[in-house]
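Trainee:
In this note's numbering, the protein residues as written are 1423 to 1594.
1) Report the residue from 1501, 1458 and 1584 whose alpha carbon sits nearest the alpha carbon of residue 1538.
2) Please state the DSSP three-state secondary structure of residue 1480.
3) Under DSSP, the alpha helix (DSSP H) around residue 1527 begins and ends at which residues?
4) So what does residue 1441 bridge to, in DSSP terms?
5) Mark residue 1515 as exposed unless 16 or more other C-beta atoms lie within 10 angstroms of its C-beta, in which case mark it buried.
6) Less than 7 Å between C-beta atoms, sequence neighbours within five positions excluded: which residues of the same chain meet that for residue 1429?
7) Have a look at residue 1488 and residue 1523 and give me their C-alpha separation to the nearest angstrom.
8) Given a cut-off of 8 Å, decide if residue 1592 and residue 1575 are closer than it, judged by their beta-carbon atoms.
9) Where does residue 1559 land, buried or exposed, given buried means 16+ other C-beta within 10 angstroms?
10) Per DSSP, what kind of secondary structure is residue 1560 in: helix, strand or coil?
11) Which of the three DSSP states, helix, strand or coil, is assigned to residue 1568?
12) Use the C-beta contact count for residue 1581: other C-beta atoms within 10 angstroms, 16 or more gives buried, fewer gives exposed.
13) In this structure, does DSSP put residue 1578 in helix, strand or coil?
14) Pick out whichever of 1530, 1527, 1547 and 1543 has its Cα sitting closest to the Cα of residue 1536.
15) First and last residue of the alpha helix (DSSP H) that includes residue 1451?
16) Under the assumption that residue 1521 contacts residue 1433 (Cβ atoms under 8 Å), give the Cβ distance between them as a whole number of angstroms.
17) Between which two residues does the beta strand (DSSP E) carrying residue 1538 extend?
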């Protein structure tokens, strides 16, 4: 077993998306870790793609590294932006961005983060510090525990299930 907190026993890297799902639904973490893809034509996924394309078309600076996909990077300002369609999943978005900042820091790149919610005209600063790093490391440990399970966690009906792209894995 590796001592890097973002590497699973299989050798695969925890992704930012997996961190995001952790705060929405533990069952989704397990499903996603098995590469069971959600319905790619679901309305929420299509809306998310459209918001990214419309609001940041000219500013698009997407950067992909192993396990992370940064929406917008402004190197001169030392900023990484994560673009979201609403503030409904703000805690999940915050930890996703903290994960990206942590991984960048591991590569020797110190950045600040900002969640941008164009339709709400919101900007939420995100900083990786000792407190948030500790919370993130605890989250990564718990993600590893979920992924290690033989079976997915039982489905738990929440407010988010109604529009979930994975709902057929739980309720049908």
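Even for Gly, the Cβ is constructed at its ideal location relative to N, Cα and C.
Mentor: From the atom records:
1) 1501
2) Residue confidence for residue 1480 is low, a pLDDT of 49 falling below 50, so the modelled location carries little weight and cannot support an answer.
3) 1512-1528
4) DSSP lists no partner for residue 1441.
5) buried
6) 1435
7) 13 Å
8) no
9) exposed
10) helix
11) helix
12) exposed
13) coil
14) 1547
15) 1448-1455
16) Not a contact, Cβ separation roughly 18 Å.
17) 1534-1539
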